[in-house]
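Going from the sequence shown to the numbering used here is simple: count from 1 and add 26. All C-beta atoms, glycine included, are put in the ideal place defined by N, C-alpha and C.
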Amino acid sequence: SQSTNQHPLPPAPSPPYPCSLCPSPACSASPSPPTDPVTPAPTGGTGDQDDLPEVGINSEAAPTSLTASIVGIASLPPDEAYDIPQVLPSPVSSTQSFTPDPSIRDPFDPNSCILDPESQRDLGQEVPLQLVIEPNGQVQQAVLRDQGSSLSLAYIELATCLVKTWQFNPAYNPTENGNEPVFSDHLIVRIVINSN
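Here's what the structure looks like:
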């Protein structure tokens, strides 16, 4: 019986431990202090460090401002054209600057056009596009003329997006009552995009 009494005695030293205020099961919670140091770990990693490389890459990969220019205008070859207006459309302006902003959803705002690393590699290259232009001067459709082009699809889509935001003087046929704006699908433009 004395030996059995000796067994309860060893637990007695447990109260002097820091966990004396809590029951012995709570001592298992004593590892909680180590969890506190774990919280600084995320702060030590500072998501900022993760952000810094990303910001650095994005700032280098995406110019803040670009300029699109129409560097050439032509009409369809005679063997492809029919019902050609007497006066072809012409751009109101040959250049327009834009700053890509994915948050913009207005299809008529050039800033809504997306620039990604793939399209950035082709900056400075010309894209030939055949345009369908409404009587109000807006571009309804743009089709790539050179199907064998080595340009990236992303760059072609960027040029197409931009030219659809362009305003044109519409094609027209002179009449007794003045110039009558008409639909046109005969115009071919060459557009190039450069970083500022």
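List the DSSP bridge partners of residue i.
i	result
Ile159	Val165 and Ser210
Gln173	Gln173 is not bridged to any residue.
Gln122	Ala94
Which residues in the same chain have their Cβ closer than 6 angstroms to the Cβ of residue i, if we skip the five residues on either side of it in sequence?
i	result
Ile110	His212
Asn205	Tyr198
Gln193	Val118 and Gly163
Ser138	Ile130 and Asp132
Arg216	Val97, Gly98, Glu152 and Pro154
Go through its chain and collect everything with a Cβ distance to residue i's Cβ below 7 angstroms, but skip five positions before and after it.
i	result
Thr191	Phe134, Asp135 and Pro136
Asn220	Leu92, Thr93, Leu149 and Gly150
Pro161	Pro196, Pro207, Val208 and Phe209
Asp172	Pro154
Going by DSSP in three states, residue i sits in which element: helix, strand or coil?
i	result
Ala107	coil
Gln151	coil
Gln112	coil
Asn222	coil
Ile99	strand
Thr201	strand
Ile182	helix
Pro196	coil
Pro143	helix
When burial is assigned at 16 or more other CB atoms within 10 Å of the CB, is residue i buried or exposed?
i	result
Ala185	buried
Ala168	buried
Val7	The displayed coordinates of the chain run from 27 to 222. Any statement about residue 7 would go beyond what the structure contains.
Val97	exposed
Leu188	buried
Pro143	exposed
Tyr181	buried
Ser145	buried
Leaving out the 5 sequence neighbours to the left and right, which residues in its chain are closer than 8 angstroms to residue i when beta-carbon positions are compared?
i	result
Asn203	none
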